[in-house]
Amino acid sequence: MNDPASLNGKLFGYELKYNNPVNTAAKFNGTISEVDWRTANDQVLRRYTYQYDGLNRLKKGAYSEPGSSVPQNDFYNETVTYDMNSNIMSLQRNTKGVSGTASQIDNLTYAYTGNRLNSVTDSSTNYSGYPDTSGTPISYDDNGNMKDHKDKGVLQIDYNFLDLPNKITFDKTYLARNLVTGKTVTRNVTTNYIYRADGTKQRKVYKYSGETFATEAVLSTDYLDGFQYESQAASGPFTLKFVPTAEGYYNFENNKYIYSYTDHLGNVRLSYSKNSSGSAEVLEENNFYPFGLKHEGYNALAGNPAYNYGYNGKELQKETGWSDYGARMYMSDIGRWGVIDPLAETSRRFSPYNYALNNPISFIDPDGRKATVNDMQFESGYAAGGAFDFYGNGGYGPATADFLYRDDPFAYLKKGSGGATTVMCQMCW
Numbered sequence: 001m002n003d004p005a006s007l008n009g010k011l012f013g014y015e016l017k018y019n020n021p022v023n024t025a026a027k028f029n030g031t032i033s034e035v036d037w038r039t040a041n042d043q044v045l046r047r048y049t050y051q052y053d054g055l056n057r058l059k060k061g062a063y064s065e066p067g068s069s070v071p072q073n074d075f076y077n078e079t080v081t082y083d084m085n086s087n088i089m090s091l092q093r094n095t096k097g098v099s100g101t102a103s104q105i106d107n108l109t110y111a112y113t114g115n116r117l118n119s120v121t122d123s124s125t126n127y128s129g130y131p132d133t134s135g136t137p138i139s140y141d142d143n144g145n146m147k148d149h150k151d152k153g154v155l156q157i158d159y160n161f162l163d164l165p166n167k168i169t170f171d172k173t174y175l176a177r178n179l180v181t182g183k184t185v186t187r188n189v190t191t192n193y194i195y196r197a198d199g200t201k202q203r204k205v206y207k208y209s210g211e212t213f214a215t216e217a218v219l220s221t222d223y224l225d226g227f228q229y230e231s232q233a234a235s236g237p238f239t240l241k242f243v244p245t246a247e248g249y250y251n252f253e254n255n256k257y258i259y260s261y262t263d264h265l266g267n268v269r270l271s272y273s274k275n276s277s278g279s280a281e282v283l284e285e286n287n288f289y290p291f292g293l294k295h296e297g298y299n300a301l302a303g304n305p306a307y308n309y310g311y312n313g314k315e316l317q318k319e320t321g322w323s324d325y326g327a328r329m330y331m332s333d334i335g336r337w338g339v340i341d342p343l344a345e346t347s348r349r350f351s352p353y354n355y356a357l358n359n360p361i362s363f364i365d366p367d368g369r370k371a372t373v374n375d376m377q378f379e380s381g382y383a384a385g386g387a388f389d390f391y392g393n394g395g396y397g398p399a400t401a402d403f404l405y406r407d408d409p410f411a412y413l414k415k416g417s418g419g420a421t422t423v424m425c426q427m428c429w
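Each residue of the sequence shown is one higher than the last, beginning at 1 in UniProt numbering.
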């Protein structure tokens, strides 16, 4: 993608570094050691430097701004520890404070029974990130689905036979992420989902009332093969909001094409369109902590309120803060799922609630069922025995390799030139 060192009139620059990082040791096993990016909004060069443990799980994303007076400012650091089942045990997260220095917004401690998360306790004093009203016990149904999350005002979650949420009921005193008013909601807060038999989401109905509302207000969203409609009533009339395109989406409200830059994980990083003078105009910028929570505090633009697709290109459910991957909802503030992996038997070495094998820099989970790489290709030349070690043309030649969607994403590589599959190692990562 465009060189972040010098945009030269471009809107977004992005660079992945493997064996040529600036602030850490080079990686020769295919993992990403550093990411640089820059946008035209403020022209600030930003960087994440990554540290991993012996199982290649992400330990830390260290944020810096190389061109600033204090490069290692740690504004958006994220630090994680794990247990032996790859459950997150602690998570610390920073933001840029009002004083211009790093301020901790999360200092989370996780408690478990087996792989089930019992509670999350935040010992920071900042309400950003995970709510400070923390430590409330979490309950589960017999299928291992999270039934409530009272720290975030979720009183009850009902599931269908596919373990997809049918109905979410919120605490009446919960300050919901209100899609319409942005005000405190005081009663009757629910979200209902309707699916096809195969689990495809067809409709979401968000009901709320409070403040100036004497009667219940409703926001309904219909999903039809990418076309997205909204209504201020439970059953219509519906207005077409947008439809996705190969380059972004078409905004039917403003009758214009919106173009998006995405990174190697499918994250929608910057959206723009052509303004009245014919020039490119940035509409929205999204930057994320390693496990997917969005950065706050800089380059905030209005964007399109109806378009909530960001991390991994998935739709953010504003009422809960979850991202909808299809088979499961992901919680980026705590870096895990609330429902057991439907294909848990294919990743037996990991907790069925883990996200992306705890390496969200290299892996994604396309539909919430299994971690894989995102159509990435790697040039050969890595050290023999490493994660991306493979044979080409009788030796270590200039072939390319991609992960196969197999039982163990660590183990299988396919030779790009000859097409033959060679099993290199189990857990060589």
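Glycine is no exception: its CB is placed at the ideal position from the N, C-alpha and C atoms. Please read all numbers here as calculations on a predicted model, not as lab measurements.
> Could you give the distance in angstroms between the alpha-carbon of M329 and the alpha-carbon of G97?
Replying inline: Walking along the sequence shown from the start, residue 329 turns up at place 329. Walking along the sequence shown from the start, residue 97 turns up at place 97. Cα to Cα, the separation comes out at about 30 Å.
>> Whole angstroms are fine: how far does the CA of L357 sit from the CA of F350?
In response: In the sequence shown, the residue the question calls residue 350 occupies position 350. In the sequence shown, the residue the question calls residue 357 occupies position 357. In a straight line, the C-alpha of F350 is about 7 Å away from that of L357.
>> Looking only at its chain, what residues have a beta carbon closer than 8 Å to the beta carbon of K314, apart from the 5 residues adjacent to it on each side?
In response: Taking the sequence shown and counting its residues from 1, one reaches residue 314 at position 314. Around K314: S323, D324, Y325, Y330.
>> Among N19, Y250, I105, whose alpha-carbon lies nearest the alpha-carbon of D132?
In response: As a working mapping, residue 132 is identified with position 132 in the sequence shown. The candidate whose alpha carbon is nearest that of D132 is I105.
> Alpha carbon to alpha carbon, how far is S103 from F75?
Replying inline: As a first step, residue 103 is located in the sequence shown; it is residue number 103 there, counting from the start. As a first step, residue 75 is located in the sequence shown; it is residue number 75 there, counting from the start. Taking the straight line from one Cα to the other gives about 7 Å.
> Given that a residue counts as buried once 16 or more other Cβ atoms are within 10 Å of its Cβ, and exposed if not, what is P137?
Replying inline: Stepping through the sequence shown from its first residue, residue 137 is reached at position 137. When all chains shown are included, P137 counts as exposed.
>> Quick check on this structure: which residue in T39, K10, D122 has the alpha carbon closest to the alpha carbon of K152?
In response: Taking the sequence shown and counting its residues from 1, the one referred to as residue 152 is at position 152. Measuring from the Cα of K152, the nearest candidate turns out to be D122.
> With a CB to CB cut of under 7 Å and the five nearest residues on each side skipped, what residues in its chain are close to F363?
Replying inline: Working through the sequence shown from its first residue, we reach residue 363 at position 363. Excluding sequence neighbours, F363 sits near A356, L357, A371, T372, V373.
> Touch check for the stretch 28 to 37 and the stretch 294 to 308: three-plus C-beta pairs under 8 Å?
Replying inline: no
> When we look at the beta-carbon of F161 and count the other beta-carbons within 10 Å, is it buried (16 or more) or exposed?
Replying inline: Your numbering for residue 161 matches position 161 in the sequence shown. Looking at its Cβ environment, which holds fewer than 16 other Cβ atoms inside 10 Å, F161 is exposed.
> What are the boundary residues of the beta strand (DSSP E) that includes P165?
Replying inline: Indexing the sequence shown from 1 puts residue 165 at position 165. 165 to 170 is the span of the beta strand (DSSP E), which, as asked, contains P165.
>> Please report the straight-line C-alpha distance between R116 and N286, rounded to a whole angstrom.
In response: As a working mapping, residue 116 is identified with position 116 in the sequence shown. As a working mapping, residue 286 is identified with position 286 in the sequence shown. Each residue's Cα considered, the two are about 31 Å apart.
> Enumerated in chain order, which unbroken segments of the beta strand (DSSP E) with a length of 3 residues or greater are wholly contained in the stretch 282 to 355?
Replying inline: 315 to 317, 322 to 324, 329 to 331
> Which same chain residues, not among the five before or five after G199, have their C-beta less than 8 Å away from its C-beta?
Replying inline: Sequence index remark: in the sequence shown, residue 199 carries index 199 (1-based). Closer than 8 Å at the Cβ level, and outside the excluded window around G199, lie L162, L164, G326, A327.
> Does the Cβ of M84 have 16 or more other Cβ atoms within 10 Å, making it buried, or fewer, making it exposed?
Replying inline: The residue given as residue 84 occupies position 84 in the sequence shown. So M84 counts as exposed.
>> Between which two residues does the beta strand (DSSP E) holding V15 run?
In response: The residue labelled residue 15 in the question sits at position 15 within the sequence shown. Per the sequence presented here, residue 15 reads as Glu, with Val not at that position. Taken as a continuous stretch (DSSP letters only), the beta strand (DSSP E) holding E15 covers 12 to 17.
>> So, under 8 Å CB-CB, G278 and S260 are touching, yes? Tell me the CB distance rounded to an integer number of Å.
In response: For the purposes of this step, residue 278 is identified with residue 278 of the sequence shown, where counting begins at 1. For the purposes of this step, residue 260 is identified with residue 260 of the sequence shown, where counting begins at 1. G278 to S260, Cβ: 19 Å. No contact.
> Looking at C-alpha atoms only, which residue of E78, A62, T79 is the closest neighbour of P71?
Replying inline: Taking the first residue of the sequence shown as 1, we reach residue 71 at position 71. Closest option to P71, Cα to Cα, is A62.
> For the candidate residues G368, N354, V189, whose alpha-carbon lies nearest to that of R57?
Replying inline: By 1-based counting over the sequence shown, the position of residue 57 is 57. Of the candidates G368, N354, V189, the one whose C-alpha sits nearest the C-alpha of R57 is N354.
>> Between which residues of its own chain and A234 is the CB-CB distance below 7 Å, once the five residues before and five after are set aside?
In response: Stepping through the sequence shown from its first residue, residue 234 is reached at position 234. Answer for A234: V205, V218, S220, listed in chain order.
> Since L11 contacts L270 with CB under 8 Å, what's their CB separation in whole angstroms?
Replying inline: Translated into positions along the sequence shown, residue 11 becomes position 11. Translated into positions along the sequence shown, residue 270 becomes position 270. At roughly 6 Å, the Cβ-Cβ gap stays under 8 Å, so L11 and L270 are in contact.
> When you compare only the Cα positions, how much space is there between R336 and S276?
Replying inline: Counting from one through the sequence shown, the residue named residue 336 turns up at place 336. Counting from one through the sequence shown, the residue named residue 276 turns up at place 276. So the alpha carbons of these two residues sit roughly 43 Å apart.
> Out of curiosity, what's the CA-to-CA distance linking N2 and R46?
Replying inline: Against the sequence shown, residue 2 aligns to sequence position 2. Against the sequence shown, residue 46 aligns to sequence position 46. When rounded, the distance between both Cα atoms is 14 Å.
>> Rounded to the nearest angstrom, what separates G129 and N29 at their Cα positions?
In response: Against the sequence shown, residue 129 aligns to sequence position 129. Against the sequence shown, residue 29 aligns to sequence position 29. Straight-line Cα distance between these residues: approximately 32 Å.
> If you draw a straight line from the alpha carbon of N254 to that of S124, how long is it in whole angstroms?
Replying inline: Here residue 254 is taken as the residue at index 254 of the sequence shown, counted from 1. Here residue 124 is taken as the residue at index 124 of the sequence shown, counted from 1. Distance between the alpha carbons of N254 and S124 is about 42 Å.
> Taking buried to mean at least 16 other C-beta atoms within 10 Å of its own C-beta, is G236 buried or exposed?
Replying inline: Along the sequence shown, read from residue 1 onward, the residue named residue 236 stands at position 236. Under this definition G236 is an exposed residue.
> How should M146 be labelled, buried or exposed, when 16 other C-beta atoms within 10 angstroms of its C-beta is the threshold for buried?
Replying inline: Translated into positions along the sequence shown, residue 146 becomes position 146. Its Cβ being crowded by 16 or more others within 10 Å, M146 is buried.
>> Would Y48 and P290 be called neighbours here (beta carbons separated by less than 8 Å)?
In response: Here residue 48 refers to the residue found at position 48 of the sequence shown. Here residue 290 refers to the residue found at position 290 of the sequence shown. Yes, they are a contact pair.
>> When you compare the CB positions of I157 and D171, do they come within less than 8 Å of one another, or not?
In response: Position 157 of the sequence shown, counted from the first residue, corresponds to residue 157. Position 171 of the sequence shown, counted from the first residue, corresponds to residue 171. No, these two residues do not count as a Cβ contact at 8 Å.
>> Using a 10 Å radius around the Cβ and a threshold of 16 neighbouring Cβ atoms, would you call K274 buried or exposed?
In response: Here residue 274 corresponds to residue number 274 of the sequence shown, with the count starting at 1. With fewer than 16 other Cβ atoms within 10 Å, it is exposed.
>> Let me check understanding here. Comparing Cα to Cα, which of S68, E15, I361 lies closest to K59?
In response: Start at 1 with the first residue of the sequence shown, and residue 59 comes out as number 59. Of the listed residues, the one whose Cα sits closest to K59 is I361.
> Does DSSP put L108 in a helix, a strand or coil?
Replying inline: Here the question's residue 108 lines up with position 108 in the sequence shown. In the structure shown, L108 sits in a strand (DSSP, three-state: E or B).
> Is it the case that the Cβ atoms of V120 and Y127 are separated by a distance below 8 Å?
Replying inline: As a working note, residue 120 is residue 120 in the sequence shown. As a working note, residue 127 is residue 127 in the sequence shown. Their beta carbons are not under 8 Å apart, which means V120 does not touch Y127 by this criterion.
>> Bridge partners for H149 per DSSP, in chain order?
In response: Locating residue 149 in the sequence shown gives position 149, where the first residue counts as 1. V154.
> What is the residue span of the beta strand (DSSP E) that Y272 lies within?
Replying inline: As a working note, residue 272 is residue 272 in the sequence shown. Start and end: 268 to 274.
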